[in-house]
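Engineer: Residues in the sequence shown are numbered from 0 upward in steps of one, following numbering that gives the first Met the number 0.
Here a beta-carbon is modelled for each residue, glycine too, at the ideal position from N, C-alpha and C.
Owing to the predicted nature of the structure, the values given are computational and were not obtained by experimental measurement.
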Amino acid sequence: MTKKGDLTEAIQAAYKAIDDKFGQDIVVLKVGKISILADYFIIATGSGITQIRAIADEVEKKLHEFGINLRHTEDYKGSKWILLDFGTIIVHLFCPEEREFYNLDAIWRDAEQVTFEAAK
Numbered sequence: 000m001t002k003k004g005d006l007t008e009a010i011q012a013a014y015k016a017i018d019d020k021f022g023q024d025i026v027v028l029k030v031g032k033i034s035i036l037a038d039y040f041i042i043a044t045g046s047g048i049t050q051i052r053a054i055a056d057e058v059e060k061k062l063h064e065f066g067i068n069l070r071h072t073e074d075y076k077g078s079k080w081i082l083l084d085f086g087t088i089i090v091h092l093f094c095p096e097e098r099e100f101y102n103l104d105a106i107w108r109d110a111e112q113v114t115f116e117a118a119k
C-alpha cells in the first residue's frame with residue numbers, strides 16, 4: 000500500500016504523467032510472476048533526450064506523491080534510455096531507435112499487459 004492510495008492508482012498516475020508529457024506507445028507490464036526485479040514495468044517512448052528527461056521528472060514527481068520514491072536511476076549524459084527504479088515499479092523511457100533495438104516489449108512478452116486509458 001502506498002501513502003496515497005493503492006499501487007494500481009500509483010501506476011495509473013505514472014501512466015498519466017507519461018501521457019501528459021506526450022510519451023508514446025506506453026505499455027504497462029505486470030512482471031511480478033516472472034521476474035524478481037519488480038512487480039511492474041512501464042515502457043514508453045519519447046521523441047528525444049529532452050522529452051524523455053521531462054517525462055522522467057514528471058513520473059518521479061507523481062510517484063513521490065504516492066509515497067513511492069526513486070531508488071536508483073540509470074541516465075547517462077546523452078543517454079537515449081532512462082531507467083527509473085522505484086522498487087516495485089521500474090520505468091523504462093526510450094528514444095525510438097533504442098526502444099526498437101532493445102525491444103523490451105518482446106523480451107517480456109510473457110508478462111500480463113495492464114491497460115489504462117489516458118485521460119483526455
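1) Rounding to the nearest angstrom, what Cα-Cα distance links I42 and C94 in this structure?
2) With a floor of 3 residues, list each beta strand (DSSP E) that falls wholly inside the segment 6-89, ordered by position along the chain.
3) Looking only at its own chain, which residues have a Cβ that is under 8 Å from the Cβ of E59, when we skip the five neighbours before and after it?
4) Would you mind sorting I51 into buried or exposed? The rule is 16 or more other CB atoms within 10 Å of its CB.
5) Is it buried or exposed, H71, if we count other Cβ atoms within 10 angstroms and call 16 or more buried?
Structural biologist: Considering the structure as presented:
1) One-based indexing of the sequence shown puts residue 42 at position 43. One-based indexing of the sequence shown puts residue 94 at position 95. Cα to Cα, I42 sits roughly 11 Å from C94.
2) Within the segment 6-89, the complete beta strand (DSSP E) segments of 3 residues or longer fall at 23-29, 39-44, 71-73, 80-84, listed in chain order.
3) Taking the first residue of the sequence shown as position 1, residue 59 is located at position 60. Hits under 8 Å: L69, L83.
4) Start at 1 with the first residue of the sequence shown, and residue 51 comes out as number 52. A residue is called buried when at least 16 other Cβ atoms come within 10 angstroms of its Cβ; I51 meets this threshold and is buried.
5) Within the sequence shown, residue 71 is the residue found at index 72, counting from 1. Result: exposed.
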